[in-house]
Amino acid sequence: MSQPRSFKQELTGCFGFPVAENPTQAMIEPAYAAMGLDWRYLTVEVRPEGLADAVRGARAMGWQGFNCTIPHKVAVIAYLDRLSPAAEKIGAVNCVILKNGQAIGDNTDGKGFLQSVESVRPVKGLKAVILGAGGAARAIGVELALAGASHLTIVNRSEGRGRELADVIRSRTEVPADFVVWEGNFHVPAGTDLVVNATSIGLFPDVDAVVPIDTASLSKDMIVCDVIPNPPRTRLVRDAEAKGCAVLDGLGMLVNQGVIGIRLWTGLEPDPIVMRRALEMVL
Ligand code: NDP
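Read in our numbering, the sequence shown has 366 at position 217, and its numbers run on one by one without any break.
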């Protein structure tokens, strides 16, 4: 017979709208269980007009913290007491810590990505190409720059968002950043160390969608990363592997950002292997 849960469970979770599926929940609760914590991670559908009340509610109920997903990552900032320096520069929050009556906004997307890259090569001095200029690209670009990347090229289909991200990186981190409009197959310049697909191209169910890059321009001294967590072995990951590149999948980034979130909320270290295994079972 399973043990009854204690009355006092610590609460964490994710606010989004709509939230059909949330892979984060699938990895966080098994991590808590493996840590011996009687904590919960609840996925809660919060409409944009209900966000202020939801944050007040989490504070009133003594939640330890929560993630924010689309469409709340920017709007939530208005209801927080302060931001981490990186979240301030990124201009978006995906992780809120509720501690000592304070609501502190952080951004773990880019940090999770950085940890994946650092497992292969130090970021300091790397020249990176980022495909995309949405929320994920913004977090990744700022964190790469803060970690010492020497140059960033932002490649995006819509010019306004792409130019804005290059401006944000230049002005808030002082790392040189260029913008290139994405037309046709992008040719990755020789000398690039890191190529990141930070678009939603290839995300389930559109698994056959092709990231428009010239795969002949990839060389084996490049690291190629895909943020798409589902499926982990995207077409880009497979093509880059065939060219002899080191590859990093979006599942690793997702696990890493979950690890950082749990660390921020609990002050304890979760087991990333338990989390990756739990995610692989649902994706
Ligand atoms: P956004 O909607 O903010 O940005 C999407 C980006 O993809 C934009 O730059 C958009 O270009 C580009 N894009 C979409 N479709 C195309 C296309 N057909 N051709 C060219 N460019 C395209 O999304 P997010 O940045 O929040 O998320 C992007 C991806 O990152 C998602 O798939 C998400 O699952 C993943 N992600 C993964 C995480 C992880 O931990 N592994 C964490 C966070 C996100 P344009 O500006 O021209 O529209």
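We put the beta carbon where it would ideally sit given N, CA and C, even for glycine.
Because the structure is a prediction, the values reported are computed rather than measured.
Check                                                                                     : Outcome
For Lys369 and Gly393, believed in contact at Cβ under 8 Å, the rounded distance          : 3 Å
Opening and closing residue of the alpha helix (DSSP H) in which Thr415 lies              : 399-415
Host alpha helix (DSSP H) of Phe262 (start-end)                                           : 258-267
Any non-hydrogen atom of ligand 1 closer than 7 Å to Gln251 Cβ                            : no
Backbone secondary structure at Val359 - three-state DSSP                                 : coil
Residue from Phe262, Val291, Gly333 with nearest C-alpha to Val360                        : Gly333
Val376 beta carbon near ligand 1 (any heavy atom closer than 7 Å)                         : yes
Met210 burial status per 10 Å Cβ neighbour count (16 or more: buried)                     : exposed
Environment of Lys273 [buried if 16+ CB atoms lie within 10 Å]                            : exposed
Proximity test, Ala285 beta-carbon vs ligand 1 heavy atom, cut-off 7 Å                    : yes
Run of the beta strand (DSSP E) containing Ala277, from where it starts to where it stops : 276-280
Start-to-end residues for the beta strand (DSSP E) that takes in Leu385                   : Looking at the DSSP string, Leu385 is not in any beta strand (DSSP E); the run it does join, the alpha helix (DSSP H), is 384-391.
Where the beta strand (DSSP E) containing Asp255 begins and where it ends                 : 251-255
Limits of the alpha helix (DSSP H) - the one that Cys202 falls within                     : Cys is not the amino acid found at residue 202; the sequence shown has Asp there. Run containing Asp202: 200-209, per the alpha helix (DSSP H) assignment.
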